[in-house]
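Position in the sequence shown (from 1) plus 11 gives the number in our numbering. In this text, a Cβ means the ideal position worked out from N, Cα and C, and glycines have one as well. One structure is given here, and the rest of the page talks about it.
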Amino acid sequence: MEIIPTLFKDVFLFKNQIFKDERGSFSEHFNKSQSKFFSQKEIYFCQDNITHSKKGVLRGLHYQLPPFAQSKLVSVIKGSVLDVVVDIRRGSPTFGQYFSQELNTENRFQIFIPRGFAHGFITLSQKSIFYYKVDNFFNSKYERSLSPEDPELDINWRLSKDEWIQSKKDKNNSKLANLSLFDFNQDLYA
């Protein structure tokens, strides 16, 4: 497994080794021993989720507040997405900045996103299958969503807004300045 640093100290890009022969290919998608690379704290993933999306579907930017904050390990099984991670920890040197990476079946990248970051993606291919692990369960009371078109973030989603397909809920996401966020010095794994 290759570990590639990103703009954010705690967000990592992983490239798993692929073994190919005449039968096809094999790659290890997750190994618990990898979690030592994710965080100083032990990460226990408790749920796996899969989304099927068509081109232009934009999901996010989502996060959950404590005590239901979530870390995620995200990847693409089929197709291509632009994955976006935003630092929403007030007081962080990278607060309000974003990192984006295309995830697809060719590059087979995975991204680890710790608690304290908002996450979203847009499908670039005709169809995508997006797979992710979380270390805390969904709780609608603690769920928050950041607007993907917040001018303060100025995210390049690669597709024009008229191509976006969003849920009714995501169309009403709030701007960064209006949301409950995290504090940089807050221990989100306590």
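Where do the N-terminal and C-terminal ends of the alpha helix (DSSP H) with residue i fall, by residue?
{"i": "residue 179", "result": "179–182"}
Can you list, in chain order, the residues of its chain with a C-beta nearer than 7 Å to that of residue i? Leave out the 5 residues immediately preceding and following it.
{"i": "residue 153", "result": "75, 76 and 79"}
{"i": "residue 194", "result": "100, 101 and 102"}
{"i": "residue 134", "result": "64, 65, 66, 67, 68, 90 and 92"}
{"i": "residue 174", "result": "67"}
{"i": "residue 104", "result": "none"}
{"i": "residue 18", "result": "105, 108 and 110"}
Starting from the Cα of residue i, find the closest Cα among the options and give me that residue.
{"i": "residue 184", "options": "155, 115, 95 and 92", "result": "155"}
{"i": "residue 132", "options": "119, 111, 118 and 120", "result": "111"}
{"i": "residue 20", "options": "94, 26, 109 and 27", "result": "109"}
{"i": "residue 40", "options": "172, 136, 120 and 94", "result": "120"}
{"i": "residue 28", "options": "13, 34 and 18", "result": "13"}
{"i": "residue 168", "options": "32, 113, 198 and 33", "result": "113"}
CB residue i to CB residue j, shorter than 9 Å?
{"i": "residue 196", "j": "residue 142", "result": "no"}
{"i": "residue 179", "j": "residue 63", "result": "no"}
{"i": "residue 164", "j": "residue 107", "result": "yes"}
{"i": "residue 82", "j": "residue 147", "result": "yes"}
{"i": "residue 26", "j": "residue 118", "result": "yes"}
{"i": "residue 95", "j": "residue 176", "result": "no"}
{"i": "residue 161", "j": "residue 182", "result": "no"}
Please go through the same chain and pick out, in chain order, the residues whose beta-carbon is closer than 6 Å to the beta-carbon of residue i, but skip the five residues on each side of it.
{"i": "residue 129", "result": "72, 74, 97, 99 and 157"}
{"i": "residue 140", "result": "63, 88 and 89"}
{"i": "residue 200", "result": "52"}
For residue i, I'd like the list of residues in its chain whose CB is within less than 8 Å of its CB, leaving aside the five on either flank, ordered along the chain.
{"i": "residue 16", "result": "23 and 24"}
{"i": "residue 116", "result": "87, 88, 89, 90 and 91"}
{"i": "residue 30", "result": "36, 37 and 38"}
{"i": "residue 7", "result": "Given that the chain is displayed from residue 12 to residue 201, the structure contains no residue 7 and the question cannot be resolved."}
{"i": "residue 150", "result": "75 and 79"}
Can you name the start and end residues of the beta strand (DSSP E) that residue i belongs to?
{"i": "residue 89", "result": "83–89"}
{"i": "residue 118", "result": "Careful: residue 118 lies outside any beta strand (DSSP E) and carries neither H nor E."}
{"i": "residue 14", "result": "13–16"}
{"i": "residue 29", "result": "29–32"}
{"i": "residue 38", "result": "35–38"}
{"i": "residue 6", "result": "Absent from the structure is residue 6, since the part of the chain shown begins at 12 and ends at 201."}
{"i": "residue 41", "result": "Premise fails: residue 41 is in no beta strand (DSSP E) and is neither H nor E."}
{"i": "residue 58", "result": "58–65"}
{"i": "residue 26", "result": "23–26"}
Compare the C-beta of residue i with all C-beta atoms of chain B and state if any pair is closer than 9 Å.
{"i": "residue 129", "result": "No chain B appears in this structure, which consists of one protein chain only."}
Counting only runs that start and end within the region 126–200, where is the beta strand (DSSP E) found for 3 or more residues in a row?
128–134, 138–145 and 154–156
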